[in-house]
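Numbering (this note's numbering), first residue to last: 36 to 320.
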């Protein structure tokens, strides 16, 4: 590793996270991007889908039950700079993609796999987060995994359409599908043997494990596939995409986005990718 990987191995199950694709298709008769932006501007709100269950990217504060998290606060600030309020709807990954395609929401606050089979059906903002793949395993025996090839036959937990599940599938793991489950459910199921491993974003998994120390799991020291996370927007909604990109660039430049990253990721700056020679797994089909 050319640069240290932060303050110990972290994990949040942000099936954010992470990176997703879908078989849904967009309508051939979608409104023009100008019309779509004008509708958003007229109503004064940006409709955003987020998980609400995945610390620290999108979760509810225990004391107040208020929705917060890194991706939540980044899009809140971006909308504020566009003179818009944000209307959040909480849902799982597949629901987000369907809602983007139908126009029910404007922005999906979960990364869609830009190399996925349906990636060309969406617009993307610039990345608001860079990371890489990791895996959560049992503390007692590393779930019998010493290398990526040992995923064969293991029970891998996650959402069906994420790039992380594609990695599991690539190595012959048995898929155990969840939809918008909470971190404690994911981690407990690994600990009790219902599943063996969770493949997901490093920073998210690091923090999830740290937040639930009573669950006997850990982030393994096996890393792969650098990744980036972008907000996804309906194909053709170019005005909104350009406007969001402009304010996101400003937020990086003026330090707002790095400051939010450090707040939610225990001092780590996820707005820049670390310098490390990651193995890259070809997931093309």
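The C-beta atom is built at its ideal place from N, Cα and C for all residues, glycine as well.
Kindly indicate the opening and closing residues of the alpha helix (DSSP H) around residue i.
i           : result
residue 181 : Looking at the DSSP string, residue 181 is not in any alpha helix (DSSP H), and its letter there is neither H nor E.
residue 136 : 128–137
residue 191 : It is not in any alpha helix (DSSP H) - residue 191 instead sits in the beta strand (DSSP E) that spans 190–193.
residue 99  : Per DSSP, residue 99 belongs to no alpha helix (DSSP H) and is neither H nor E.
Pick from the options: whose alpha carbon is nearest that of residue i?
i           : options               : result
residue 261 : 104, 236, 93 and 122  : 236
residue 125 : 293, 93, 188 and 238  : 93
residue 204 : 267, 234 and 89       : 234
residue 301 : 239, 265 and 289      : 239
residue 226 : 253, 200 and 276      : 253
residue 113 : 167, 279, 87 and 193  : 279
residue 164 : 299, 316, 218 and 96  : 299
residue 131 : 104, 144, 211 and 119 : 144
residue 315 : 296, 70 and 167       : 167
residue 215 : 231, 197, 230 and 201 : 197
Exposed or buried, what is residue i when buried is set at 16 or more other beta-carbons lying within 10 Å of its beta-carbon?
i           : result
residue 319 : exposed
residue 111 : buried
residue 137 : exposed
residue 173 : buried
residue 191 : buried
residue 99  : exposed
residue 182 : exposed
residue 306 : buried
residue 251 : exposed
residue 134 : buried
residue 188 : exposed
residue 140 : buried
Which residue comes first and which comes last in the beta strand (DSSP E) that contains residue i?
i           : result
residue 254 : 252–254
residue 80  : 80–85
residue 269 : 267–269
In whole angstroms, what separates the C-alpha of residue i from that of residue j?
i           : j           : result
residue 186 : residue 85  : 29 Å
residue 282 : residue 311 : 29 Å
residue 195 : residue 158 : 22 Å
residue 169 : residue 222 : 14 Å
residue 184 : residue 257 : 11 Å
residue 72  : residue 129 : 24 Å
residue 160 : residue 117 : 15 Å
residue 228 : residue 171 : 13 Å
residue 180 : residue 206 : 12 Å
residue 267 : residue 304 : 22 Å
residue 217 : residue 285 : 33 Å
residue 249 : residue 219 : 10 Å
May I ask you to report which of helix, strand or coil DSSP gives residue i?
i           : result
residue 70  : helix
residue 117 : coil
residue 216 : coil
residue 302 : coil
residue 165 : strand
residue 236 : strand
residue 311 : coil
residue 204 : helix
residue 229 : coil
residue 319 : coil
residue 144 : coil
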